[in-house]
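Novice: Below you will find the structure I want to go over with you.
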Amino acid sequence: MSLAFRPVSRRHDLAGEAIRSVRDTVSRWAAIGPNSPTGRRFGEFGQGSIICFPTNTIFNERYIRIGRDTMIGPHATLSAGMVPGQDCISDPVVRIGDRCLIGKGSGIVGHFSIEIGDDVWTGHHVYVTDQNHGYADVTVPISRQTMPERSVRIGNGSWIGHGSVVLPGATIGEHVTIGANSVVTGEIPSFSVAVGNPATVIRRHVEGEGWVRVGR
Numbered sequence: 039m040s041l042a043f044r045p046v047s048r049r050h051d052l053a054g055e056a057i058r059s060v061r062d063t064v065s066r067w068a069a070i071g072p073n074s075p076t077g078r079r080f081g082e083f084g085q086g087s088i089i090c091f092p093t094n095t096i097f098n099e100r101y102i103r104i105g106r107d108t109m110i111g112p113h114a115t116l117s118a119g120m121v122p123g124q125d126c127i128s129d130p131v132v133r134i135g136d137r138c139l140i141g142k143g144s145g146i147v148g149h150f151s152i153e154i155g156d157d158v159w160t161g162h163h164v165y166v167t168d169q170n171h172g173y174a175d176v177t178v179p180i181s182r183q184t185m186p187e188r189s190v191r192i193g194n195g196s197w198i199g200h201g202s203v204v205l206p207g208a209t210i211g212e213h214v215t216i217g218a219n220s221v222v223t224g225e226i227p228s229f230s231v232a233v234g235n236p237a238t239v240i241r242r243h244v245e246g247e248g249w250v251r252v253g254r
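Quick note on numbering: the sequence shown equals residues 39 to 254 in the numbering used here.
This is the structure we're talking about:
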């Protein structure tokens, strides 16, 4: 029986290889790099950097700056301002440093100021924003109520775990680990580990002692 099915299996293998080859070729050619038409629309797009194909939503690229040797995974959202074509009050609105890795399906949605330092890596499906919706007026849909934007900062060498959310006003220091599925709303000091909703520090690096437990 196996001999009879071997030619069909081989055809399936060849078809699979062909599909993968086409997919890989399309992904390479459709990726956004510093010299691509889309890449040239950015305020800055460093050499060696890439936004992988396919993308989700990208607009107002001229207010977005990406450093060197940074990779932004597929299905990413990168936006500056509320709508395409808007004249933003800050320039840049979004700045991503050198040697960063932004995971698949992540969103960086800036209205005022989001700054991500060098060597920052994130897991998949991480969301970073400096703007949120209000709900105080019950006669107006929440989608039409906005709150004042508050700057977001993520320091050099930090790691943001899978599924985490970084909200307006958050400041994450250098060499910080944010555990998976955390929600960062305030200030996380440098050289610390924070987890939870809202994210709280559970470890800090103390000179002469190393990493010590705090809080819980």
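Note that beta-carbon positions come from the ideal geometry of N, C-alpha and C, so glycine has one too.
#1: Can you tell which of Ser117, Gly141, Val121, Gly155 has the C-alpha that lies nearest to the C-alpha of Ile134?
#2: Take Ser181 and list the residues in its own chain whose beta-carbon comes closer than 7 angstroms to its own, dropping the five residues that flank it on each side.
#3: Starting from Tyr173 and walking both ways along the beta strand (DSSP E), at which residues does that stretch end?
#4: For Asn30, which residues of its own chain have a beta-carbon under 7 angstroms away from its beta-carbon, when the five flanking residues on both sides are left out?
#5: In three-state DSSP terms, what is Arg79?
#6: Using 8 angstroms as the threshold, is the C-beta distance between Phe150 and Glu99 below it?
#7: Determine the burial state of Thr108: buried for a count of at least 16 other Cβ atoms within 10 Å of its Cβ, exposed for fewer.
#8: Identify, in the order they occur along the chain, each residue of the same chain with its Cβ nearer than 8 angstroms to the Cβ of Val64, setting aside the five sequence neighbours on each side.
#9: Starting from the C-beta of Ile70, find all residues in its chain whose C-beta is less than 6 angstroms away, skip the five residues before and the five after it, and write them out in chain order.
#10: Starting from the C-beta of Gly143, find all residues in its chain whose C-beta is less than 6 angstroms away, skip the five residues before and the five after it, and write them out in chain order.
#11: Opposite Val244 in the DSSP bridges: which residues?
#12: Gly193: which of Gly207, Glu212, His200 sits nearest, CA to CA?
Specialist: Answer, in terms of the structure:
#1: Gly155
#2: His171
#3: Tyr173 -> no beta strand (DSSP E), and no H or E assigned at all.
#4: In this structure the chain extends from 39 to 254, so residue 30 is not present and cannot be described.
#5: helix
#6: no
#7: buried
#8: Below a pLDDT of 50, predicted positions are generally treated as unreliable, and Val64, at 46, falls in that range; no measurement from the model is reported.
#9: Thr76, Gly77, Ile89
#10: His113, His162, His163
#11: Gly248
#12: Glu212
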